[in-house]
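K.L.:
Structure incoming, see below.
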Amino acid sequence: MKLTALKKAILLCLIPTTSTFAAGLDRSGQSIAAFLQPGNYFEAGISILDPDVSGKDKENNNTGDMAGDYYFPHAALKIQATDHFSVGLIYDQPYGADAEYSGDSGFVENRPVPFKGGTSVVVDTQNLNLLVGYQPNDNWNLYAGAVYQTVDGTVLLRGTTYSVLNGYDFRTGEDESVGWLAGVAYQIPEIALKASVTYRAEIKHKMNAYEHFGLAGLTGNAKLDGVMTALNASSGETELTTPQSVNVDLQTGIMANTVAFANVRWVDWSNFKVQPYNFGKLSQVLGQAGLVANKPNGFNLIDYKDDQISATVGLGRKFSDRWGANVSVGWDSGAGNPVTTLGPTEGFWSVGTGVRFSPAENYFIGAGVKYYWLGDADAVTGAHSAAGTFTDNNAIAYGLNVGYKF
2 MKLTALKKAI
12 LLCLIPTTST
22 FAAGLDRSGQ
32 SIAAFLQPGN
42 YFEAGISILD
52 PDVSGKDKEN
62 NNTGDMAGDY
72 YFPHAALKIQ
82 ATDHFSVGLI
92 YDQPYGADAE
102 YSGDSGFVEN
112 RPVPFKGGTS
122 VVVDTQNLNL
132 LVGYQPNDNW
142 NLYAGAVYQT
152 VDGTVLLRGT
162 TYSVLNGYDF
172 RTGEDESVGW
182 LAGVAYQIPE
192 IALKASVTYR
202 AEIKHKMNAY
212 EHFGLAGLTG
222 NAKLDGVMTA
232 LNASSGETEL
242 TTPQSVNVDL
252 QTGIMANTVA
262 FANVRWVDWS
272 NFKVQPYNFG
282 KLSQVLGQAG
292 LVANKPNGFN
302 LIDYKDDQIS
312 ATVGLGRKFS
322 DRWGANVSVG
332 WDSGAGNPVT
342 TLGPTEGFWS
352 VGTGVRFSPA
362 ENYFIGAGVK
372 YYWLGDADAV
382 TGAHSAAGTF
392 TDNNAIAYGL
402 NVGYKF
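Pasting the structure below:
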C-alpha cells in the first residue's frame with residue numbers, strides 16, 4: 002500500500018453519512034474526527050432528517066405522522082500550533098427533537114379550550130467544544146477540553162391520554178452550562194490506522210422553567226384543582242442533565258486506496274430524566290392519592306429504561322485523485338421499550354452511502370444519504386401507563402459538508 006494514497010483515503014470516512022436519528026434525544030453522534038486530521042484543517046456541513054413515525058393510540062385511533070423534519074449544522078477548526086500541540090473548536094447540535102401530533106387521537110385535544118392542539122416536543126441543543134491535544138510522538142495524541150452547552154426545550158401535553166395532565170405546558174428557555182471531555186488517539190500513518198476513545202461528561206443544567214397546568218379548576222376534584230391552581234402560581238428550580246457518553250472510533254487501510262472504519266457509541270440514557278419542579282410536585286400528589294398506581298414518589302415527564310449502544314461499520318474507497326465514496330451499515334439498540342410518547346421508536350438498522358469530490362488536493366465537497374428502519378415500540382406516558390403502539394416506521398437523512406486543509 003502506498004502511503005500517499007492511504008492518506009488521501011482517510012478523509013473518505015468524513016463523508017456525512019453519520020447518525021442523525023438515534024436513541025433518546027441523540028442526534029449528531031458527537032464526532033471529533035475533524036480534530037484528529039493531520040495539519041491545519043477546517044470543515045463545515047449540514048444534516049437533514051426526514052422521519053415518518055406513526056402508530057395507534059390505546060383506543061386504536063391512528064396518530065398520523067407525528068415526527069417533524071429538522072436540520073442541524075456542524076463546523077470544526079483544527080490548528081496544529083506546534084509539532085506537539087494542537088487546538089481545535091467543534092460546533093454541533095448533539096441532542097434534539099421535533100414532533101407534534103395532529104388529527105383525532107388521544108394525543109390531541111380538539112375541544113374549544115385554551116389548550117386546544119396536539120401534543121408536541123421541540124428540543125434544541127448547541128455544543129461548542131474547545132480542545133487541546135498533546136502529541137508526544139507521531140503515534141499518540143492525548144486530548145481534553147471544555148464544552149459550552151445550551152439547551153432550549155418545550156413540551157406540550159394534549160389529549161385524553163394524559164388525563165389530568167392534559168393541557169400541561171413546559172418551557173425551559175435557553176439555559177447555559179459547561180462540561181468537559183477527554184480522550185486518547187493512536188495512529189500508524191503508514192497503514193492508515195487510526196483509533197480513538199473519547200469520553201464526554203454529563204452536563205447539568207438548572208433553570209426556573211415555565212410550567213402551566215391547563216386543567217386547573219376543571220377536574221371536578223376540589224383538592225386536585227386547588228393543588229394545580231396553587232402550582233400554576235408558584236415556581237421552583239428544575240434540573241436537567243444531558244448524559245455522559247463514550248465514542249470509540251477505528252479505521253485502517255485494508256488495500257491500496259481502501260479503508261475500513263467503525264464507530265461504537267455508548268450513551269447513559271438510563272440515568273437521564275426530566276422532572277420539572279411543579280410537574281414533580283403534582284405527580285407526587287397523584288401517586289400518594291392512589292390516582293397513579295405504584296408511583297408514591299411521583300414520576301418523570303421524560304425518562305428512559307436502558308442505555309444506548311450504537312455501532313456503524315463501513316468501507317471507504319478512493320477511485321481517482323478527485324473521486325471517492327463510502328458505504329456503511331448501522332445499528333442502534335434504542336433506550337428501552339416501552340418508550341416516551343414524545344419519541345416512540347426503539348433503535349434502528351440503517352444503510353448509508355456517500356461520495357466525495359476533490360477539485361484540488363487540499364479541499365473536498367462531500368454528500369451522503371442514509372436510510373433508517375426504525376424499531377417498533379410501545380409508548381407510555383410519564384406515569385408509564387399504556388398510551389399506544391408504533392410500528393413499521395422509517396427515516397431518511399441527507400448530509401452535505403466541505404473540508405479544507407491549509
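Just add 1 to wherever you are in the sequence shown, counting from 1, and you've got the working numbering.
In this text, a Cβ means the ideal position worked out from N, Cα and C, and glycines have one as well.
Predicted, not measured: the structure shown is a model, and the values here were computed from it.
Among residues of its own chain, excluding the 5 on either side of residue 381, which ones have a beta-carbon nearer than 8 angstroms to its beta-carbon?
P.N.:
Within the sequence shown, the letter at position 380 stands for residue 381. Taken in chain order, the residues that qualify are 339, 340, 341, 342, 387, 388.
K.L.:
Near residue 307, which residues of its chain fall below 8 angstroms by C-beta distance, leaving aside the five closest residues on each side in sequence?
P.N.:
The sequence position of residue 307 within the sequence shown is 306, counting from 1. If we look at residue 307 and ignore the five residues flanking it on each side, its Cβ neighbours are 270, 271, 334, 335, 336, 337.
K.L.:
Whole angstroms are fine: how far does the CA of residue 91 sit from the CA of residue 401?
P.N.:
Within the sequence shown, the letter at position 400 stands for residue 401. Within the sequence shown, the letter at position 90 stands for residue 91. Each residue's Cα considered, the two are about 17 angstroms apart.
K.L.:
Do the CB positions of residue 152 and residue 125 come within less than 9 angstroms of each other?
P.N.:
What you label residue 152 is simply residue 151 of the sequence shown in a count that begins at 1. What you label residue 125 is simply residue 124 of the sequence shown in a count that begins at 1. It is a contact, given that the beta carbons lie within the stated cut-off.
K.L.:
For residue 216 and residue 167, which I take to be in contact (beta-carbon distance under 8 angstroms), what is that distance rounded to the nearest angstrom?
P.N.:
Translated into positions along the sequence shown, residue 216 becomes position 215. Translated into positions along the sequence shown, residue 167 becomes position 166. Yes, residue 216 and residue 167 are in contact; Cβ-Cβ is about 6 angstroms, under 8 angstroms.
K.L.:
Might you give, ordered along the chain, the residues of its own chain that have their beta carbon closer than 6 angstroms to the beta carbon of residue 142, omitting 5 neighbours on each side?
P.N.:
Counting from 1 along the sequence shown, the entry for residue 142 is found at position 141. If we look at residue 142 and ignore the five residues flanking it on each side, its Cβ neighbours are 134, 136, 186.
K.L.:
Under 8 angstroms: do the region 190 to 209 and the region 240 to 260 share three or more Cβ pairs, one atom per stretch?
P.N.:
Cβ pair count under 8 angstroms is three or more, so yes.
K.L.:
Give the secondary structure of residue 15 by DSSP, where H, G and I count as helix, E and B as strand, and everything else as coil.
P.N.:
If you number the sequence shown from 1, residue 15 lands on position 14. Because residue 15 sits at a pLDDT of 44, beneath the cut-off of 50, its placement in the model cannot be relied upon, and the point is left open.
K.L.:
Is it right to say residue 70 is buried, meaning 16 or more other beta carbons lie within 10 angstroms of its own, or is it exposed?
P.N.:
Indexing the sequence shown from 1 puts residue 70 at position 69. It counts as exposed.
K.L.:
Helix, strand or coil for residue 93 per DSSP?
P.N.:
For the purposes of this step, residue 93 is taken as the residue at position 92 of the sequence shown. The answer is strand: DSSP assigns residue 93 an E or B state.
K.L.:
Should the region 306 to 322 be called in touch with the region 280 to 290, which here means at least 3 C-beta pairs below 8 angstroms?
P.N.:
No: the two stretches stay apart, fewer than three of their Cβ pairs being nearer than 8 angstroms.
K.L.:
Which residues does DSSP list as the beta-bridge partners of residue 256?
P.N.:
What you label residue 256 is simply residue 255 of the sequence shown in a count that begins at 1. Residue 256 is bridged to 259.
K.L.:
Specify whether the region 58 to 70 and the region 175 to 186 touch according to this definition: at least 3 beta carbon pairs, one from each stretch, less than 8 angstroms apart.
P.N.:
Segments in contact, no.
K.L.:
Taking the alpha-carbon positions, what's the residue 293 to residue 165 distance?
P.N.:
For this step, residue 293 is matched to residue 292 along the sequence shown. For this step, residue 165 is matched to residue 164 along the sequence shown. Going from the Cα of residue 293 to the Cα of residue 165 covers about 11 angstroms.
K.L.:
How big is the Cα-Cα spacing for residue 262 and residue 162?
P.N.:
By one-based count along the sequence shown, residue 262 stands at place 261. By one-based count along the sequence shown, residue 162 stands at place 161. Those two C-alpha atoms are separated by around 44 angstroms.
K.L.:
Let's see if you can read the secondary structure: which residues bound the beta strand (DSSP E) around residue 372?
P.N.:
On the sequence shown, position 371 is the one that residue 372 refers to. Taken as a continuous stretch (DSSP letters only), the beta strand (DSSP E) holding residue 372 covers 364 to 375.
K.L.:
What would DSSP say about residue 285, mapped onto helix, strand or coil?
P.N.:
The residue labelled residue 285 in the question sits at position 284 within the sequence shown. DSSP places residue 285 in helix when its eight states are reduced to three.
K.L.:
Check residue 144 in the structure and name its three-state DSSP category.
P.N.:
In the sequence shown, the residue the question calls residue 144 occupies position 143. Of the three classes helix, strand and coil, the one that applies to residue 144 here is strand, per DSSP.
K.L.:
Return the chain-ordered ranges of every alpha helix (DSSP H) run that is complete within the region 177 to 244 and spans a minimum of 4 residues.
P.N.:
DSSP runs (the alpha helix (DSSP H)) wholly in the region 177 to 244: 223 to 233.
K.L.:
Which stretch, first to last residue, makes up the beta strand (DSSP E) that contains residue 352?
P.N.:
Counting from 1 along the sequence shown, the entry for residue 352 is found at position 351. That run of the beta strand (DSSP E) goes 349 to 361.
K.L.:
Rounded to whole angstroms, what is the Cα-Cα separation between residue 113 and residue 359?
P.N.:
Along the sequence shown, one-based indexing puts residue 113 at 112. Along the sequence shown, one-based indexing puts residue 359 at 358. Distance between the alpha carbons of residue 113 and residue 359 is about 58 angstroms.
K.L.:
Can you check which of these residues, 298, 384, 356, 265, is closest to residue 30 by C-alpha distance?
P.N.:
Here residue 30 refers to the residue found at position 29 when the sequence shown is read from its first residue. Nearest option by C-alpha distance: 265.
K.L.:
Assign residue 10 to one of three DSSP states: helix, strand, or coil.
P.N.:
The residue labelled residue 10 in the question sits at position 9 within the sequence shown. Confidence in residue 10 is poor, its pLDDT being 43 and thus under 50, which makes the residue's placement too unreliable to answer from.
K.L.:
Does DSSP put residue 22 in a helix, a strand or coil?
P.N.:
Numbered from its first residue, the sequence shown carries residue 22 at position 21. Looking at residue 22 - three-state DSSP - the assignment turns out to be coil, as it is neither helix nor strand.
K.L.:
Which residue's Cα is closest to the Cα of residue 353: 321, 370, 274, 384?
P.N.:
Your numbering for residue 353 matches position 352 in the sequence shown. Answer by Cα proximity: 370.
K.L.:
Between which two residues does the beta strand (DSSP E) harbouring residue 170 extend?
P.N.:
Here residue 170 corresponds to residue number 169 of the sequence shown, with the count starting at 1. Element bounds for residue 170: 170 to 172.
K.L.:
Which residues bound the beta strand (DSSP E) around residue 309?
P.N.:
Translated into positions along the sequence shown, residue 309 becomes position 308. Start and end: 309 to 319.
K.L.:
Consult DSSP for residue 401 and reduce its assignment to one of helix, strand or coil.
P.N.:
Position 400 of the sequence shown, counted from the first residue, corresponds to residue 401. Note: residue 401 maps to strand in three-state DSSP.
K.L.:
Assuming the contact rule is C-beta atoms closer than 8 angstroms, residue 273 and residue 305 should be a hit. Round their C-beta distance to whole Å, please.
P.N.:
The sequence position of residue 273 within the sequence shown is 272, counting from 1. The sequence position of residue 305 within the sequence shown is 304, counting from 1. Confirmed, about 6 angstroms.
K.L.:
Per DSSP, residue 48 is paired with what?
P.N.:
As a working mapping, residue 48 is identified with position 47 in the sequence shown. In the DSSP output, where bridge partners are listed per residue, residue 48 has 73, 400.
K.L.:
With DSSP run on the structure shown, which of helix, strand or coil describes residue 158?
P.N.:
In the sequence shown, residue 158 corresponds to position 157, counting from 1. Reduced to three states, the DSSP call for residue 158 is coil.
K.L.:
Do you know whose CA, among 44, 281, 231, lies nearest residue 241's CA?
P.N.:
Working through the sequence shown from its first residue, we reach residue 241 at position 240. Answer by Cα proximity: 281.
K.L.:
Please go through the same chain and pick out, in chain order, the residues whose beta-carbon is closer than 7 angstroms to the beta-carbon of residue 233, but skip the five residues on each side of it.
P.N.:
Here residue 233 corresponds to residue number 232 of the sequence shown, with the count starting at 1. Correct list, in chain order: 213, 214, 217.
K.L.:
Using DSSP's beta-bridge definition, name the partner residues of residue 110.
P.N.:
Working through the sequence shown from its first residue, we reach residue 110 at position 109. Partner(s): 118.
K.L.:
Look at residue 311 and residue 23 and say whether their C-beta atoms are less than 9 angstroms apart.
P.N.:
In the sequence shown, the residue the question calls residue 311 occupies position 310. In the sequence shown, the residue the question calls residue 23 occupies position 22. Yes, the pair counts as a contact, with Cβ atoms nearer than the cut-off.
K.L.:
Checking the sheet assignment: what are the DSSP bridge partners for residue 101?
P.N.:
On the sequence shown, position 100 is the one that residue 101 refers to. The partner list for residue 101 (beta bridge, DSSP) reads 121.
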